[in-house]
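Colleague: Sharing a structure below in structure tokens format, with a few things to ask.
There are 2 protein chains.
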Amino acid sequence: MTQRPGEFALIADYFAPLAGEGTFGLKDDAATFSVEPGHQLVITQDASAENIHFLDDDPADLVARKALRVNLSDLAAKGARAKCFSVALGLGEDWTEEWIRQFAQGLREDIDQYDIALTGGDTFKTGGGMVISITAIGEIPRDSYVARIGASPGDQLFVTGTIGDGALGLLARRDDLSGISMQDRKYLVDRYQLPQPRLEFAGTLRKIATSAMDVSDGLLGDLVKLCDASGVSAELVLSKVPFSSAVKTALEHESNLLETAVTGGDDYEILFTVSPENIGQLMKLANEARIAVTCIGEITSGEGISVFDRHGEKVEFPSLGYDHSGARN
Amino acid sequence: MTQRPGEFALIADYFAPLAGEGTFGLKDDAATFSVEPGHQLVITQDASAENIHFLDDDPADLVARKALRVNLSDLAAKGARAKCFSVALGLGEDWTEEWIRQFAQGLREDIDQYDIALTGGDTFKTGGGMVISITAIGEIPRDSYVARIGASPGDQLFVTGTIGDGALGLLARRDDLSGISMQDRKYLVDRYQLPQPRLEFAGTLRKIATSAMDVSDGLLGDLVKLCDASGVSAELVLSKVPFSSAVKTALEHESNLLETAVTGGDDYEILFTVSPENIGQLMKLANEARIAVTCIGEITSGEGISVFDRHGEKVEFPSLGYDHSGARN
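Below, the structure written as structure tokens:
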């Protein structure tokens, strides 16, 4: 059996070098951080488990970055600036030091990319597979939190980026997607393995969104949640939903993947509502932030959501979104 | 197979009723909280795993409370007031709704007892045993964080409460402890299953401690860590270490349990240092807070620690503390 280092050695060798200010090199019981005057904090915690949220042969650096980014995506959707995070890493039976090294390297890349501090955490044995529990903290000017509650009838419904890349990327990753080029396959798998939290859009959301959430469990199911929280309904036009060229190609080849694209998870785009008089300003700000935004429907009064095709015919989906008890907020 | 509820139903039924202000009934992506002017935050994250940190037949309410309290103990040791926490609950293969109900009930009791808010979290499947990852946040007046770094030669070494109850409580829980009464057994098992974080001592620590940490991985091993962090050494007198009458009885029956008592984990008392001129004030404040504190040695210059028996003879312990890669900060 290979000799494997203990917890303190792992922390000292791989995690302490990542730690930010106020963390005492991860040698203390806790860490401390301050808040800008006039600001408040936003907290979110999403866990990732082996063979539920990631595959056991996914590269460890990408596992780490995705585990962090799904939390950053929540902060972005609330209009927050990402500030710091802590990570509890549950080691499965088969863990190796090389996996940890790559995992820490992945965190390092995103710490640098997002200018976010690691405050500390914990390593422990799970007795099963790997588990990663990350808590991320963001900061927003006081009273500018963008909640799911707040959409009103008449508000226009928008989404950032493109939808369905993550769900089809998972299919591609499992070699369950045919009719696409190697390049499209790579694009989709990248989108599945390394989501792009829309932090650069947080400021625009604070200024202009009446409600927002990140799309993590499928566009339609998440829209139902937004409507439930706001006490409204929505009409969504399927032909307006923005798809990447890779998804369009896959849909041309296999049209019933449309349901997967709009109900599958792992988009990490932002679904938000804007009152009609602010749409001009939205377009200006989105353009400045270089984020594509697309109007996909409208908020109405009532309950639930209605989905229409390009001919105005109502489309029914047997299952709106999924709940693998690993569903993400 | 029994029908088990999905994630959203679990959250709505059991966790949403526990949620505090700024959490939108756990229906949002995140939660928000504010910080008192002139204060900063303290963050800690410790996970608990089935059959590593708790036994699969431990009552779920006590599992929940201990998982929370080990984090509150970290906050207490840093001089912080407990403010809020989030919990990622990893469901093992065999989870039942009744276990979740009891788990949530345990959290409810401690939310009330410690006046702390649940901000949110996540439930997910682990594919193995249960995993609980809690992140707790506390608040302290600016620049009053009590670090492990700060002990100086000449400082007196103190500990709150009694030592060894947790380690012997685990033995008692496993029926591996003989020669004690049922009442002592119950006391020790309680101390193992339901630690008492010393939050009421946090204010005293802020005023008077030159360094502090909570004792979670064994008194001697944790003292080594405190000394390493502060760049000092310590002389500890074993006969001064405070033991409960239950531990004393067990030691009379089986003297080699002394090593277990001073190197075993799960004390959740506070180890701290005080400069000699402040000892009078310490005793006054500890008395007001109704916390027993005991001087167990002195900080010296050098490295590592020296342990002496009542006759001044040096005692060697083969292993100072333990590292189950579930060791706690």
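Which chain is which? The protein sequence lines are A and B, in order. Using my numbering, the first residue of the first sequence is number 504, and each one after it goes up by one. Using my numbering, the first residue of the second sequence is number 504, and each one after it goes up by one. Using N, Cα and C, we set each Cβ at its ideal position, and we do this for glycine too.
Among E738(B), P562(B), K787(B), which residue has its Cα nearest to the Cα of Q659(B)?
Modeller: E738(B)
Colleague: Would you kindly work out how many angstroms separate the C-alpha atoms of Y825(B) and D770(B), rounded to a whole number?
Modeller: Bear in mind that the predicted position of Y825(B) carries a pLDDT of just 42, short of 50, making it unreliable; the figure below should be weighed with that in mind. Roughly 13 Å between the two C-alpha positions.
Colleague: I'd like to confirm the pairing. Which residues does DSSP put opposite A855(A) in its beta bridges?
Modeller: With chain A running from 504 to 832 in the structure shown, residue 855(A) is simply not present.
Colleague: Is the CB of K530(A) under 8 Å away from at least one CB in chain B?
Modeller: yes
Colleague: Could you give the distance in angstroms between the alpha-carbon of S537(A) and the alpha-carbon of H542(B)?
Modeller: 8 Å
Colleague: Measuring straight from C-alpha to C-alpha, what distance separates H827(B) and L592(B)?
Modeller: Any answer about H827(B) is weak, because its pLDDT of 40 lies below 50 and its placement is not dependable; what the coordinates show is given next. In a straight line, the C-alpha of H827(B) is about 21 Å away from that of L592(B).
Colleague: Look up G706(B) in the DSSP assignment and say whether it is helix, strand or coil.
Modeller: Helix at G706(B).
Colleague: Quick check: what's the CA-CA separation for A789(B) versus I603(A)?
Modeller: 43 Å
Colleague: Check this for me: beta carbons of S714(A) and A654(A), under 8 Å apart or not?
Modeller: Yes; because the gap between Cβ atoms is below 8 Å, this pair is in contact.
Colleague: Between Q548(A) and chain B, is there a C-beta pair that is closer than 8 Å?
Modeller: yes
Colleague: What does the Cβ neighbour count give for H814(B), buried or exposed, with the cut at 16 atoms within 10 Å?
Modeller: exposed
Colleague: List the whole-angstrom C-beta distance separating F527(A) from R651(B), where the pair is believed to meet the contact cut-off of C-beta under 8 Å.
Modeller: 7 Å
Colleague: Residues of chain A with CB closer than 7 Å to the CB of G630(B), please, in chain order.
Modeller: A552, E553, N554, I555, G631, G632
Colleague: D678(B): beta carbon under 7 Å from a heavy atom of the ligand SAH?
Modeller: The ligand SAH is not part of the structure shown, which contains no ligands of any sort.
Colleague: Only counting the same chain, and skipping five residues up and downstream in sequence, which positions put a Cβ closer than 6 Å to that of T629(B)?
Modeller: G593, G595.
Colleague: CA-CA distance, T626(B) and I514(B)?
Modeller: Taking the Cα positions, T626(B) is about 8 Å away from I514(B).
Colleague: With distances taken Cα to Cα, identify the nearest neighbour of D531(A) among Q548(B), S747(B), A705(B).
Modeller: Among Q548(B), S747(B), A705(B), the Cα nearest to that of D531(A) belongs to Q548(B).
Colleague: Can you pull out the residues from the stretch 656-676 of chain A whose beta carbon lies closer than 7 Å to at least one beta carbon of chain B?
Modeller: none
Colleague: Could you check whether F775(A) and L708(A) sit closer than 8 Å to each other, using their CB atoms as the reference points?
Modeller: Cβ distance < 8 Å, so L708(A) and F775(A) count as in contact.
Colleague: Any idea what DSSP makes of D812(B), helix, strand or coil?
Modeller: coil
Colleague: Could you check the C-alpha separation between F820(B) and N759(B) for me, to the nearest Å?
Modeller: 11 Å
Colleague: Taking A585(B) and I619(B) to be in contact with their CB atoms under 8 Å, please state how far apart those CB atoms are, rounded to whole angstroms.
Modeller: 5 Å
Colleague: Nearest to F746(B) by alpha carbon, out of S736(B), V735(B), L761(B), Q784(B)?
Modeller: That would be L761(B), whose Cα lies nearest to the Cα of F746(B).
Colleague: Given a threshold of 16 other Cβ atoms within 10 Å of its Cβ, counted over all protein chains shown, does K787(B) qualify as buried or as exposed?
Modeller: exposed
Colleague: Mind pulling the chain A residues with CB within less than 7 Å of A712(B)?
Modeller: Simply none; closest approach about 13 Å.
Colleague: Going by DSSP, name the residue or residues bridged to C730(B).
Modeller: In the DSSP output, where bridge partners are listed per residue, C730(B) has none listed.
Colleague: Would A712(B) be called buried (16 or more neighbouring beta carbons within 10 Å of its own) or exposed?
Modeller: buried
Colleague: Going along the chain, which residues of its own chain have a beta-carbon closer than 6 Å to the beta-carbon of V796(A), five neighbours each way excluded?
Modeller: F661, T663, A789
Colleague: Rounded to whole angstroms, what's the CA-CA distance from N832(B) to T763(A)? Just pull it up for me.
Modeller: Since pLDDT at N832(B) reaches only 47, below the 50 mark, its modelled position is unreliable, and the value read off the structure follows with that caveat. The alpha-carbon atoms of N832(B) and T763(A) are separated by roughly 43 Å.
Colleague: Measuring only the C-alpha atoms, how far is G525(A) from A534(A)?
Modeller: When rounded, the distance between both Cα atoms is 6 Å.
Colleague: Between the stretch 577-611 of chain B and chain A, which residues of the former have CB atoms less than 8 Å from a CB of the latter, in chain order?
Modeller: Listed in chain order, the positions of the stretch 577-611 of chain B with a beta carbon within less than 8 Å of a beta carbon of chain A are D577, L578, A580, K581, A583, C587, S589, V590, A591, G593, L594, G595.
Colleague: If we call anything under 8 Å between Cβ atoms a contact, is I808(B) one with L723(B)?
Modeller: Yes, they are a contact pair.
Colleague: Can you have a look at Q616(A) and say buried or exposed, based on whether 16 or more other CB atoms are within 10 angstroms of its CB?
Modeller: exposed
Colleague: Pull out every residue of the stretch 801-823 of chain B whose Cβ sits closer than 7 Å to any Cβ of chain A, in chain order.
Modeller: none
Colleague: What are the uninterrupted segments assigned as beta strand (DSSP E) that are 3 or more residues long and contained completely in the stretch 706-780 of chain B, given in chain order?
Modeller: Listed in chain order, they are 714-718, 736-740, 772-777.
Colleague: Within the stretch 536-563 of chain B, note down every full beta strand (DSSP E) run reaching 3 residues or more, in order along the chain.
Modeller: Taken in chain order, the complete beta strand (DSSP E) segments of 3 residues or longer contained in the stretch 536-563 of chain B are 542-552.
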